[in-house]
Amino acid sequence: MKISLDWLKDFVDIDLSLSVLINRLDMIGMMVEEWEEKDSDIILDIETYANRPDTLGHLGIAREIAAALGLKMKKQEWPLVELEQKTSELCDVQIRDADLCPRYTGIVVKGVKVGPSPDWLRKRIEAMGLKPINNVVDVSNYVLFSTSHPIHAFDLAKLAGRKVIIRRAKAGEVIRTLEEEDVILTSDMLVIADEERPVAIAGVIGGLKSSVQGTTQDVFIESAYFNPVSVRKTSKKTGISTDASYRFEREADISFPPQAALMAASILTQFGGKVSKGIMDVYPKPKKEKTVILRYQRVFGLLGLEIDEKFTEKTLSHLGFRLEAQRKGVWQVKVPHFRVDVEREADLIEEIARFYGYDKIPVHFPPLRVPEPPLDEKREKIEKTRQLLFNHGFDEVLNFSFADPEREASFQTGREAVEIRNPISQKASILRTTLLGGLLDNLVWNRNRGAEGIHLFEIGNIYFWQKKKTHEQLTLAVVATGPIGPAHWQRKTKEADFFHLKGALESLMSYLRYEPFSFKKTNHIFFEEDSSLALAQKGETIGHFGLLKKGLRDRYSIDGPVWAAELNLEVLFKKKPQSFQYVPVTRFPTVTRDVSFIAGQDVTFQDIKEAVEKLSLPYLASFDIYDLFSGSSIPKGKTSLSLRFEYSHPERTLKAQEVDKLQKKVIDTLKKSFNFLLREGGKIDK
Amino acid sequence: MKDLKARIEKLKRDFDKALSGVKDEKSLQEVRNIYLSRKRGAVKLLFEELKALKPEKRAQAGQLVNSLKKHVVAKVSRLKVKLAASKPGVRARKGDLTLPGVRGYWGAPHPVVLFQQKIENIFIAMGFSIEEGPEIETDYYNFEALNFPPHHPARDDWDTLYISDDLLLRTHTSPVQIRAMERRKPPIRIIVPGKVYRRETPDPTHLPMFYQVEGLAVDKGITFADLKGTLEHFLKTLFYEKLKIRFRPSFFPFTEPSAEVDIECLVCKGKNEQCRVCGGSGWKEILGSGMVDPQVLKNVNIDPEQYSGFAFGMGIERTAMFAYQIPDMRYFFENDLRFNRQFSIK
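Just so you know, the protein sequences line up as chains A and B, in that order. Number 686 marks the last residue of the first sequence (my numbering); no jumps. Number 1346 marks the last residue of the second sequence (my numbering); no jumps.
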């Protein structure tokens, strides 16, 4: 809200330097965001709040300053040159829908010479950043910016039948506004109408036809209170927002319409106007002032500070509240109508604190009476996941939750996307159903800027409809391409590949104690055929990973392979991790047995692993594959694989024969199950 | 016994001979193992033999075996030192030792998460726990329960992205206050980090999605002084101890009284009227806060006559931008690794 310092001085004598004034205003919550010098005046730009429509005019800001500085408000006089005729003889006001218009006042000013405003008025209008139009329009604006109360001036001659009817519009009625725009009205909108047609959208904008023009002689001044919700709905629906609607929708001062009308009429007499006798004031059910009980002990209870009772009384009185002591430490407070924001005790306590000064409230730390619960498991797991992925060389990214529906479609996630009804743009009009879209954007961004090795992960929600409800699913996605880490003069840099990604996921599952987990060969829509696996834990699929499909890479114009994964962390994290049990470290030697086989290439490691696990060999501490090759020394279509078995016993040294027996069992099983041939010393042993 | 003595003498001679041929550590180890291996070394085998002797002879024989052991141990260790000193490989590498070492390579956290955790940790130390809530919210939790009446212009300050009439993308983390208070009885002391959404076109200081941290404390006797104490401690820990802070009246529908928290401009410290960071005011808005509005407490069936509370909220990117002098909020979501990695790894 623009506030002119000169204008403020009409209401209160301010004798402060600008910087002191600004600081004072800031500290009572009337934040001065900017200020400028203009025509030997200072124009402040003050931040105002949705609950303080009274501060949308100079009068309201002046009240605040007067209270802050302990100054008296100046009395303003609005003398009238009156006609013999009564207002009621010149026009007729009828409220048909009092629920939307509980108070309507009007007065007629006859014989106004419409023309350019005098300098003092022009200057004020210009100070508000507006262009002066003519004296009548400028006076309306002057009253609005002065008192925050909007008024409207009609050309009385253009009101058919001299009637002013406040009613809901008939559906389909049309009004051409001051902005020369035709608005089709609906039956929930309140209008001001004459005998024939609507002449203004109540509280929002006037009609063109009834507006004050150069030829206007007699002016009907409207000053009313319109229902804030109704004004807001109409303003939203018509898309018309004006200085008037902005104030009415925040709620006007219901006690103020006569004063605003008289003020306008008084100024118009400066332009030859004469004012009808007796203001027309239709106010069928006068509103009572709100009453709030204020307890001194509660002031202390909420602020943590003893504030002098006298200060409380003085401040609130200054602000226009009327206090009546009920008993010691308890007041009944009558709230002036212009303070639409004050309804409860807490609202009054804020007023006291505001003028006492937030800076004078002490600093204290609240005692902790009951401990809070520890970090929940989900957060702990997310944190472990992040740390593990950092250790594997993946960078964390965060992307917007929005997605472009067209591009999202290329992922064919099969998830029903959540659409945004009023998106910022078409390209951000749904919520993502996969994290990979964002990650691929990031990959492209970095590659276009010269990065070669790009290894990224994101943990965040994807969103979709599930059983008619929106679902937010915590998800992890990874993309990887190129060298891992910078080139080194001595060591060869590793490249991202399938097993780099798989290893990271295996480590993750182990680190989170989600063993045993398994991998299944399946084809997935994101990946090239036979180039991906599903990760499963206890039979439930957690996600998929592999070589990103060429179609998707093309969509993002990415050359070269991209390894990617997407895991459903919601499902995974709900699973119970393997409980931890300490196992004593054996003090006895571990026996290692290596064995090499010639195997058919159709046998997978997973098959071998399962077969070995199925044997449940006693003392088998670990089992792994440590070498794998095929080539000239191996029969065509076969592979040489070397397995390592480690046996140990917690309480004694294992005997060679024992281990031999176990090892034979494994070898026999593998030979039988998979047609393996034992390979020893380079020879094939049948 | 004589027989044993002779054997030991021979073993010593054999050892000395073998040792004289030793040129490197590997062969030294081999020679050593012949005598000292725990399983099959000569010393071990001799001790095994001693077990068969009568106790009175065993002591003397033991001394003889020990003399062999000492002889071998001493010579091996002496030669070991000598070999170590003379071998050329004692130098790490011939030539330039200033070449870069092999650094570990690891990924970097996103700066927003990093900053969020920094904030979380300060509050955790003050006894706060962490709560979360859905990003797709109902009008009730996002607005109505927080004392925004339907059709109130206050809603305009929170430009909203809607899914349907009732569903929206939460415009602040404040709905989690309501959810937490519905679920738990006071005392409550929580912070709520998370994504929030506004219908804003991206520009250097606005994004349609950003991160917030919300805080809430509800208990008997919580005062505005407690709010000040908590936030001052937080800000001084996050920035520095001598940070200037001011609380200034403001308006939020869900707090009463409400306060905006400003901190001194970290760039000009209020000394530059042309400062582009603070616009010359010397202050920078950092937090919104206030005492929980009694209506909000009533909405979750907490009696405002018995309990009071404070709440606060801050934007993570905004705060990080101010802390690190980052000129454009969009950088956080470009995910340029040259930007992201700076915050933890150089």
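C-beta atoms are modelled at their ideal positions from N, C-alpha and C, and glycine is treated no differently. Remember, it's a predicted structure, so these values are computed and weren't measured experimentally.
- Can at least three beta-carbon pairs, one atom from the stretch 1115–1135 of chain B and one from the stretch 1262–1275 of chain B, be found at a separation below 8 Å? no
- Item | A:ASP602 to A:ARG553 span [Cα, whole Å] | Numbered from 1 along the first sequence, position 602 holds the residue referred to as residue 602 of chain A. Numbered from 1 along the first sequence, position 553 holds the residue referred to as residue 553 of chain A. Those two C-alpha atoms are separated by around 30 Å.
- C-alpha gap between A:LYS683 and A:SER596, whole angstroms: Here residue 683 of chain A refers to the residue found at position 683 of the first sequence. Here residue 596 of chain A refers to the residue found at position 596 of the first sequence. Only weak support is given to the placement of A:LYS683: the predicted model assigns it a pLDDT of 43, under 50, and the value that follows is read from those uncertain coordinates. So the two alpha carbons sit approximately 10 Å from each other.
- Which runs of the alpha helix (DSSP H), 4 residues or longer, sit entirely within the stretch 326–369 of chain A? Taking only runs of at least 4 residues, the alpha helix (DSSP H) segments lying wholly in the stretch 326–369 of chain A are 345–356.
- Around the C-beta of A:VAL212, are 16 or more other C-beta atoms found within 10 angstroms, so that it is buried, or is it exposed? In the first sequence, residue 212 of chain A corresponds to position 212, counting from 1. It counts as buried.
- Task: Determine the direct distance from the alpha carbon of A:MET263 to that of A:GLU82, and round the result to whole angstroms.
- Result: Residue numbering aside, residue 82 of chain A sits at position 82 when the first sequence is read from its first letter. Residue numbering aside, residue 263 of chain A sits at position 263 when the first sequence is read from its first letter. Note on geometry: alpha-carbon atoms of A:GLU82 and A:MET263 lie some 13 Å from one another.
- Does DSSP classify A:VAL114 as helix, strand or coil? On the first sequence, position 114 is the one that residue 114 of chain A refers to. In this structure, A:VAL114 counts as coil in the three-state DSSP scheme.
- Query: Measuring CA to CA, which of A:TYR358, A:VAL282, A:PHE674, A:GLN326 is closest to B:MET1291?
  - Reply: On the second sequence, position 291 is the one that residue 1291 of chain B refers to. Of the listed residues, the one whose Cα sits closest to B:MET1291 is A:TYR358.
- Relative to chain A, which residues along the stretch 1106–1134 of chain B have a C-beta separation below 7 Å, given in chain order? TRP1106, GLY1107, ALA1108, PRO1109, HIS1110, VAL1112, VAL1113, GLY1127, PHE1128, SER1129, ILE1130, PRO1134
- Message: Going by DSSP in three states, A:TRP445 sits in which element: helix, strand or coil?
- Response: Counted from its first residue, the first sequence places residue 445 of chain A at position 445. A:TRP445 falls in the helix class under three-state DSSP.
- Message: Tell me which residues share the same chain as A:ASP685 and place their Cβ nearer than 8 Å to its Cβ, disregarding the 5 neighbours each side in the sequence.
- Response: On the first sequence, residue 685 of chain A is found 685 positions in, with the first residue counted as 1. The predicted position of A:ASP685 is uncertain, since its pLDDT is 39 and thus under 50; no value can be drawn from it.
- Task: Identify the contact partners of A:LYS233 in chain B, using a Cβ-Cβ distance below 8 Å as the criterion.
- Result: On the first sequence, position 233 is the one that residue 233 of chain A refers to. Going along chain B in sequence order, the residues near A:LYS233 (Cβ under 8 Å) are HIS1151.
- Task: Could you say which of A:LEU431, A:PRO618, A:LEU615, A:ALA621 lies nearest to B:LEU1169 if we only look at CA atoms?
- Result: Here residue 1169 of chain B corresponds to residue number 169 of the second sequence, with the count starting at 1. Ranking A:LEU431, A:PRO618, A:LEU615, A:ALA621 by Cα distance to B:LEU1169 puts A:LEU431 first.
- Message: Is it buried or exposed, B:THR1205, if we count other Cβ atoms within 10 angstroms and call 16 or more buried?
- Response: As a first step, residue 1205 of chain B is located in the second sequence; it is residue number 205 there, counting from the start. Counting C-beta atoms within 10 angstroms of its own C-beta, B:THR1205 has fewer than 16 neighbours from the protein chains shown and is therefore classed as exposed.
- Taking only the alpha-carbon atoms, compute the straight-line gap between A:LEU436 and A:ARG449 and give it to the nearest angstrom. Residue mapping note: residue 436 of chain A aligns to position 436 of the first sequence, counting from 1. Residue mapping note: residue 449 of chain A aligns to position 449 of the first sequence, counting from 1. Each residue's Cα considered, the two are about 20 Å apart.
- Does A:MET189 have its Cβ less than 8 Å from a Cβ in chain B? Here residue 189 of chain A is taken as the residue at index 189 of the first sequence, counted from 1. Put simply, the CB of A:MET189 is far from chain B, with every gap to its CB atoms at 8 Å or more.
- On the premise that A:ARG250 lies in contact with B:PRO1153, defined as a C-beta separation below 8 Å, what is that separation, rounded to the nearest angstrom? On the second sequence, position 153 is the one that residue 1153 of chain B refers to. On the first sequence, position 250 is the one that residue 250 of chain A refers to. At roughly 5 Å, the Cβ-Cβ gap stays under 8 Å, so B:PRO1153 and A:ARG250 are in contact.
- Item | DSSP three-state assignment for A:ASP313, whether helix, strand or coil | Looking up residue 313 of chain A in the first sequence gives position 313. The question names Asp, but residue 313 of chain A in the sequence shown is Glu. Reduced to three states, the DSSP call for A:GLU313 is helix.
- In chain B, what lies closer than 8 Å to A:ASN135 by C-beta? The residue you call residue 135 of chain A lines up with position 135 of the first sequence. Chain B residues near A:ASN135: none, gap ~31 Å exceeds 8 Å.
- Item | Spatial distance of A:HIS149 from A:GLY203 (CA atoms) | Translated into positions along the first sequence, residue 149 of chain A becomes position 149. Translated into positions along the first sequence, residue 203 of chain A becomes position 203. Each residue's alpha carbon lies about 11 Å from the other.
- Cβ separation of B:VAL1192 and B:VAL1218, assumed to be a contact under 8 Å, to the nearest whole Å: Translated into the one-based positions of the second sequence, residue 1192 of chain B becomes position 192. Translated into the one-based positions of the second sequence, residue 1218 of chain B becomes position 218. The pair is not a contact, with the Cβ atoms about 13 Å apart (cut-off 8 Å).
- Item | Option nearest B:SER1281 by Cα separation, candidates B:ASP1262, B:GLN1295, B:ASN1299 | To locate residue 1281 of chain B, count along the second sequence from 1; it is residue 281. Nearest of B:ASP1262, B:GLN1295, B:ASN1299 to B:SER1281, Cα basis: B:ASP1262.
- Task: Please go through the stretch 1111–1144 of chain B and give each complete beta strand (DSSP E) segment of 3 or more residues, from N-terminal end onward.
- Result: 1136–1138
- Message: Just verifying my parser: in three-state terms, what is the DSSP assignment at B:PHE1239?
- Response: For the purposes of this step, residue 1239 of chain B is identified with residue 239 of the second sequence, where counting begins at 1. Coil, per DSSP.
- Between the CA atoms of A:LYS502 and B:LYS1012 - distance to the nearest angstrom: Residue 1012 of chain B sits at position 12 when you count from the first residue of the second sequence. Residue 502 of chain A sits at position 502 when you count from the first residue of the first sequence. So the two alpha carbons sit approximately 57 Å from each other.
- Interface flag, A:GLU472 vs chain B, CB-CB below 8 Å: As a working mapping, residue 472 of chain A is identified with position 472 in the first sequence. Closer than 8 Å: yes.
- Query: the stretch 336–368 of chain A: which residues have C-beta closer than 7 Å to a C-beta of chain B, in chain order?
  - Reply: ARG344, ALA346, ASP347, ILE349, GLU350, ALA353, ARG354, TYR358, ASP359, ILE361, PRO362, VAL363, HIS364, PHE365, PRO366, LEU368
- Message: Just to confirm my understanding: we take A:VAL112, look at its own chain, exclude 5 residues before and 5 after, and list those with CB closer than 8 Å. What are they?
- Response: For the purposes of this step, residue 112 of chain A is taken as residue 112 along the first sequence, with counting starting at 1. Cβ neighbours of A:VAL112 beyond the five flanking positions: ASN135, VAL136, THR216, GLN217, ASP218, VAL219, LEU268, PHE271, GLY272, GLY273.
- Item | Spatially closest choice to A:ARG652 from A:GLN412, A:THR315, A:ARG587, by CA coordinates | One-based indexing of the first sequence puts residue 652 of chain A at position 652. It is A:ARG587 whose Cα lies nearest to the Cα of A:ARG652.
- Query: Just the Cα atoms here: how many angstroms apart are A:LEU178 and A:LYS209?
  - Reply: On the first sequence, position 178 is the one that residue 178 of chain A refers to. On the first sequence, position 209 is the one that residue 209 of chain A refers to. Roughly 8 Å between the two C-alpha positions.
- Query: Three-state secondary structure (DSSP) at A:PHE464?
  - Reply: Stepping through the first sequence from its first residue, residue 464 of chain A is reached at position 464. Note: A:PHE464 maps to strand in three-state DSSP.
- Message: List, in chain order, every chain A residue whose beta-carbon is nearer than 9 Å to that of B:ILE1316.
- Response: Position 316 of the second sequence holds residue 1316 of chain B. Chain A residues near B:ILE1316: none, gap ~11 Å exceeds 9 Å.
- Message: Is there a Cβ of chain A sitting closer than 8 Å to that of B:THR1173, yes or no?
- Response: In the second sequence, the residue the question calls residue 1173 of chain B occupies position 173. Closer than 8 Å: no.
- At which residue ranges does the stretch 1282–1319 of chain B contain complete beta strand (DSSP E) runs of 3 or more residues, listed in the order of the chain? 1283–1292, 1308–1315
- Residue range of the unbroken alpha helix (DSSP H) whose run includes A:GLU419: Within the first sequence, the letter at position 419 stands for residue 419 of chain A. Per DSSP, A:GLU419 belongs to no alpha helix (DSSP H) and is neither H nor E.
- Task: Output, in chain order, the set of chain A residues within a Cβ distance shorter than 9 Å of B:PHE1250.
- Result: Along the second sequence, one-based indexing puts residue 1250 of chain B at 250. It is worth fixing the name first, because residue 1250 of chain B is Ser in this sequence and not Phe. Result: GLY29, MET31, GLU47, TYR49.
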